[in-house]
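Q: For reference, the structure I am asking about is given below.
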Amino acid sequence: MQNTLFDNLELRKAKPVLKWAGGKTQMLDILRDASPKKGQFNKYIEPFIGGGALFFDLEPQNAVIADVNEELINLYKSIASDVEEVIKLLKSMPNEHDFFLNVRKNDISKLSKIERAARTIYLNRTCFNGLYRVNRKGEFNVPYGHYKNPNICNEENLRAVSEMLQNKLIIKGDYKSVLQKYANPGDFIFLDPPYLPISEYSDFKRYTKEQFYEEDHIELAMEVKRLHELGCHVLLTNSNHELVHNLYSEFDISVHQTKRNINSKGNKRRGEDVLVRVEPKKNFKVVPDQITLPDQVSKYPSTRFMGSKRNLIDVIWSVASVFEFETVADLFSGSGIVSYMFKTQGKEVLSNDYMGMASVFTKALIENNNTILTESDINKLLRVNENSDDFVSNTFEGIYFSNEDNLFIDNLRANIPLLRNKKKEALAMSSLIRACMKRRPRGIFTYTGLDKYDDGRKDLKVNLREHFLNAVKVYNDAVFDNGKKNKSRHGDALNVRKKADLVYIDPPYFSPHSDNEYIRRYHFVEGLAIDWKGIEIQQHTKTKKFKSYPTPFSTRNGAYSAFDLLFKKHQDSILLVSYSSNSLPTKDEMLELLARYKRNVDVVAVDHLYSFGNQRNKVGSNNNRVEEFIFIGY
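Each residue of the sequence shown is one higher than the last, beginning at 1196 in the working numbering.
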């Protein structure tokens, strides 16, 4: 009983009414896999409907079907409006040669719409090989098929087709007028035009008295490109002809072996079909006022870290959110705000940076999902440690902080490893780094002296201990669990092996007009993060800085080569690249580099005023206003 019920349900699924030259029943598995899934498109449009194999298979709720073949469209409209009358007429039509000839020569202008619909089905089922073909006068001219028992009237399928056609828009019209009027962003368009002939047996394009010539295929390709720009999903089929490959070279093309059920010679019923798959062009309209980020983002500790994207994260998310992705690799995490933003969006994040302090930030708030510094931990950190090495007090006396603050730093340095928990250690070190940067005018270490550039801010009057305790609270409040196994990495971006759905790249910008030396600005807090291990302090300098880390982004040629390597390495991922208009490589060079590895390349430009100036008189100046580019490769 149960099997019978399921069998009946299967029978009620609508199937093509007609056997149709170029019908896609043989390709259904391929087409189904290539089609966007339900819920991923708005409206289904098929302007060369023919037998409608894919339409009936997908069963779209909202659809427009069309064709220039008047009899075909009349058939679908009649089945939709009065299927029982169509069935009644078909049941009265015998499979006889003389009757076939009489029906074929009928003057259709004198027939009712229902009679014409029944005639179309009858001729299709009883003519030779089910071929629908007309002469230049528009008259059906296929001979009788002499089949013993053709299925002229499949009542159950006709009723299923009628039900399927309810509330569907059925139009007689050429594909261009239909698509111009009805195609909108997010729609799915399936195009199955008359194929380009590849042999003398391929003349099955005369479904109507009008022909479909080579120039028509060229116009169709132009329309496909318009649909791509509009933001539509498009599938197109055609013969494996050189012109097809040339016309659609910018899109995904695959070739499939198929069987031709309609051919005058049985040994010619094999061929190759080309499937062109066109993804909608992404719409990167950036309207920050319309973008709402999770409240959690605002909990990330603020910073004046050079190049921080805090003021651009809404733009970055507006671009990224166009795509579907679950994993993110942030190759140059810097302040960590972009990684944190992706974490708040529920993504699994890998944060990488070549600077130790940046990796400490992301260990504390990206990799760490639930560990905080407890009151007991804080007491342990503040306890006087007699084993302090006094390194900061001895090395940086009178340079950046008071003796009292230097002693406090050394004491924390000695106590942080005693936490015996890498995430707690990262929270404590991040808090110390934040305290040092807030205590320091402009948060940088390019000059000496305790009072230079004192602009009267309250932060400069607060001692380091108080800054540290405030920072601990800020960091504790920013810890949250997004349910993902996020990871912080300290190393060269070029050596990151992890594959991610989306890769975000925000490298040090190379510019002939300014330097990208993070170490020169932040050497002291970077030294804290790595405990001055593996580096050599330049004792002859007033600031006691150490040599900058080697990076390919310190020269134009190096930056160009590094981008090329990164794009090649992550060519299977969605690529987002933050870059500024005053940097090199140039915008055009960046687009050319991306285009080597990505089929689709776009760029979003955002006016951005950096909150950071190298000299005090440059802060807030027009020299700091640049266009921030977000390059997108997909």
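Ideal Cβ positions, reconstructed from N, Cα and C, are used throughout, including at glycine. Since the model is a prediction, treat every value here as computed from it, not as a measurement.
How long is the line joining the alpha carbons of Phe1195 and Leu1386, rounded to whole angstroms?
A: The displayed coordinates of the chain run from 1196 to 1829. Any statement about residue 1195 would go beyond what the structure contains.
Q: Which residues bound the alpha helix (DSSP H) around His1662?
A: As a first step, residue 1662 is located in the sequence shown; it is residue number 467 there, counting from the start. Run containing His1662: 1659 to 1673, per the alpha helix (DSSP H) assignment.
Q: Name, in chain order, the residues that DSSP records as bridge partners for Ala1258.
A: Against the sequence shown, residue 1258 aligns to sequence position 63. Ala1258 is bridged to Tyr1239.
Q: Flag this pair as yes or no: are the beta carbons of Ser1534 and Ser1546 separated by less than 7 angstroms?
A: As a first step, residue 1534 must be located in the sequence shown, where it is residue number 339. As a first step, residue 1546 must be located in the sequence shown, where it is residue number 351. Their beta carbons are under 7 angstroms apart, which means Ser1534 touches Ser1546 by this criterion.
Q: Report back the beta-carbon spacing between Ile1274 and Val1281 to the nearest angstrom; my notes put them in contact at under 8 angstroms.
A: Here residue 1274 is taken as the residue at index 79 of the sequence shown, counted from 1. Here residue 1281 is taken as the residue at index 86 of the sequence shown, counted from 1. With a Cβ gap of about 6 angstroms, Ile1274 and Val1281 count as contacting.
Q: Return the Cβ separation of Asn1269 and Arg1331 in integer angstroms, given the expectation that the two are a contact with Cβ distance under 8 angstroms.
A: On the sequence shown, position 74 is the one that residue 1269 refers to. On the sequence shown, position 136 is the one that residue 1331 refers to. So it is not a contact: roughly 21 angstroms between Cβ atoms.
Q: My assumption, with CB atoms under 8 angstroms, is that Arg1634 sits in contact with Phe1591. Please give the rounded CB distance.
A: Your numbering for residue 1634 matches position 439 in the sequence shown. Your numbering for residue 1591 matches position 396 in the sequence shown. About 13 angstroms; that fails the 8 angstroms criterion.
Q: Give the DSSP-derived three-state secondary structure of Leu1425 in the structure shown.
A: As a first step, residue 1425 must be located in the sequence shown, where it is residue number 230. Of the three classes helix, strand and coil, the one that applies to Leu1425 here is helix, per DSSP.
Q: Counting pairs of Cβ atoms below 8 angstroms between the stretch 1368 to 1376 and the stretch 1343 to 1358, do you hit three or more?
A: Verdict: no, contact absent.
Q: Counting only runs that start and end within the stretch 1732 to 1767, where is the beta strand (DSSP E) found for 3 or more residues in a row?
A: The qualifying runs do not exist here; there are none.
Q: How big is the Cα-Cα spacing for Asp1687 and Gly1529?
A: For the purposes of this step, residue 1687 is identified with residue 492 of the sequence shown, where counting begins at 1. For the purposes of this step, residue 1529 is identified with residue 334 of the sequence shown, where counting begins at 1. Each residue's alpha carbon lies about 13 angstroms from the other.
Q: If Asn1380 sits next to Leu1318, beta carbons under 8 angstroms apart, how far is it from one beta carbon to the other, in whole angstroms?
A: The residue given as residue 1380 occupies position 185 in the sequence shown. The residue given as residue 1318 occupies position 123 in the sequence shown. Per the sequence shown, the amino acid found at residue 1380 is Pro instead of Asn. With 8 angstroms as the limit, Pro1380 and Leu1318 do not qualify as a contact, their Cβ atoms being about 40 angstroms apart.
Q: By the 10 Å Cβ neighbour count, where 16 or more other Cβ atoms means buried, how is Glu1562 classified, buried or exposed?
A: As a working mapping, residue 1562 is identified with position 367 in the sequence shown. Answer is buried; the Cβ neighbour count reaches 16.
Q: Using only CA atoms, which one of Arg1314, Tyr1377, Leu1223 lies nearest to Asn1237?
A: For this step, residue 1237 is matched to residue 42 along the sequence shown. Among Arg1314, Tyr1377, Leu1223, the Cα nearest to that of Asn1237 belongs to Tyr1377.
Q: Is the beta carbon of Ser1768 closer than 7 angstroms to that of Ala1695?
A: Residue mapping note: residue 1695 aligns to position 500 of the sequence shown, counting from 1. Residue mapping note: residue 1768 aligns to position 573 of the sequence shown, counting from 1. Yes, the Cβ-Cβ distance between Ala1695 and Ser1768 is below 7 angstroms.
Q: By the 10 Å Cβ neighbour count, where 16 or more other Cβ atoms means buried, how is Leu1296 classified, buried or exposed?
A: Position 101 of the sequence shown, counted from the first residue, corresponds to residue 1296. Exposed is the call here.
Q: Is Asn1346 helix, strand or coil by DSSP?
A: Along the sequence shown, read from residue 1 onward, the residue named residue 1346 stands at position 151. In the structure shown, Asn1346 sits in coil (DSSP, three-state: anything other than H, G, I, E or B).
Q: How about Phe1586 and Phe1640: do their beta carbons lie closer than 7 angstroms?
A: Here the question's residue 1586 lines up with position 391 in the sequence shown. Here the question's residue 1640 lines up with position 445 in the sequence shown. No; because the gap between Cβ atoms is not below 7 angstroms, this pair is not in contact.
Q: Could you check the C-alpha separation between Thr1487 and Gln1540 for me, to the nearest Å?
A: Position 292 of the sequence shown holds residue 1487. Position 345 of the sequence shown holds residue 1540. For Thr1487 and Gln1540, the distance between alpha carbons rounds to 11 angstroms.
Q: DSSP on Glu1445, reduced to helix/strand/coil?
A: Sequence index remark: in the sequence shown, residue 1445 carries index 250 (1-based). Reduced to three states, the DSSP call for Glu1445 is coil.
Q: Please check if any C-beta of chain B sits within less than 7 angstroms of the C-beta of Leu1318.
A: Among the protein chains of the structure shown there is no chain B, as only one such chain exists.
Q: What do you get for Glu1241, buried or exposed, if any count of 16 or more other CB atoms within 10 angstroms of its CB means buried?
A: Position 46 of the sequence shown, counting from 1, holds the residue named residue 1241. Burial call: buried.
Q: Would you call Pro1289 buried or exposed, if buried means 16 or more other Cβ atoms sit within 10 Å of its Cβ?
A: Start at 1 with the first residue of the sequence shown, and residue 1289 comes out as number 94. Looking at its Cβ environment, which holds fewer than 16 other Cβ atoms inside 10 Å, Pro1289 is exposed.
Q: Taking 8 angstroms as the limit between beta carbons, can you name the residues of its chain near Asp1654, skipping five residues before and five after?
A: Stepping through the sequence shown from its first residue, residue 1654 is reached at position 459. Cβ neighbours of Asp1654 beyond the five flanking positions: Lys1633, Arg1634, His1662.
Q: Can the beta-carbon of Asn1610 be found less than 7 angstroms from the beta-carbon of Asn1580?
A: Start at 1 with the first residue of the sequence shown, and residue 1610 comes out as number 415. Start at 1 with the first residue of the sequence shown, and residue 1580 comes out as number 385. Contact flag set, yes.
Q: From which residue to which residue does the alpha helix (DSSP H) around His1718 run?
A: Taking the sequence shown and counting its residues from 1, the one referred to as residue 1718 is at position 523. Taken as a continuous stretch (DSSP letters only), the alpha helix (DSSP H) holding His1718 covers 1713 to 1725.
Q: Here's the rule I'm using: 16 or more other beta-carbon atoms within 10 Å means buried, otherwise exposed. How should Asn1601 be labelled?
A: Locating residue 1601 in the sequence shown gives position 406, where the first residue counts as 1. Its Cβ being crowded by 16 or more others within 10 Å, Asn1601 is buried.
Q: Comparing C-alpha positions only, which one of Asp1447, Asn1435, Val1492, Ser1444 sits nearest to Thr1453?
A: Translated into positions along the sequence shown, residue 1453 becomes position 258. Thr1453 has its Cα closest to that of Asn1435, out of Asp1447, Asn1435, Val1492, Ser1444.
Q: Helix, strand or coil: how does DSSP classify Val1830 here?
A: Residue 1830 is absent from the structure shown; the chain starts at 1196 and stops at 1829.
Q: Compare the Cα-Cα distances from Pro1703 to each of Lys1305, Tyr1271, Ala1754 and report the closest residue.
A: Stepping through the sequence shown from its first residue, residue 1703 is reached at position 508. For Pro1703, the nearest C-alpha among the options comes from Ala1754.
Q: Which whole-angstrom value is the C-beta distance of Arg1499 and Gly1638, which I expect to be below 8 angstroms?
A: Numbered from 1 along the sequence shown, position 304 holds the residue referred to as residue 1499. Numbered from 1 along the sequence shown, position 443 holds the residue referred to as residue 1638. About 5 angstroms; that satisfies the 8 angstroms criterion.
Q: Just the C-alpha distance for Arg1314 and Ser1276, rounded to the nearest angstrom, thanks.
A: Residue 1314 sits at position 119 when you count from the first residue of the sequence shown. Residue 1276 sits at position 81 when you count from the first residue of the sequence shown. The straight-line gap from Cα to Cα measures roughly 16 angstroms.
Q: Under 7 angstroms between the Cβ atoms of Thr1522 and Leu1470?
A: Within the sequence shown, residue 1522 is the residue found at index 327, counting from 1. Within the sequence shown, residue 1470 is the residue found at index 275, counting from 1. Against a cut-off of 7 angstroms, the Cβ pair of Leu1470 and Thr1522 comes out as no contact.
Q: In the DSSP assignment, the beta strand (DSSP E) including Val1329 goes from what residue to what residue?
A: As a first step, residue 1329 is located in the sequence shown; it is residue number 134 there, counting from the start. Careful: Val1329 lies outside any beta strand (DSSP E) and carries neither H nor E.
Q: I'd like the span of the alpha helix (DSSP H) that includes Val1514, first residue to last.
A: By 1-based counting over the sequence shown, the position of residue 1514 is 319. Its alpha helix (DSSP H) spans residues 1508 to 1515.
Q: Across which residues does DSSP place Ser1384 in a beta bridge pair?
A: Translated into the one-based positions of the sequence shown, residue 1384 becomes position 189. For the record, residue 1384 in the displayed sequence is Ile; it is not Ser. In DSSP, Ile1384 forms a bridge with Ile1240, Val1429.
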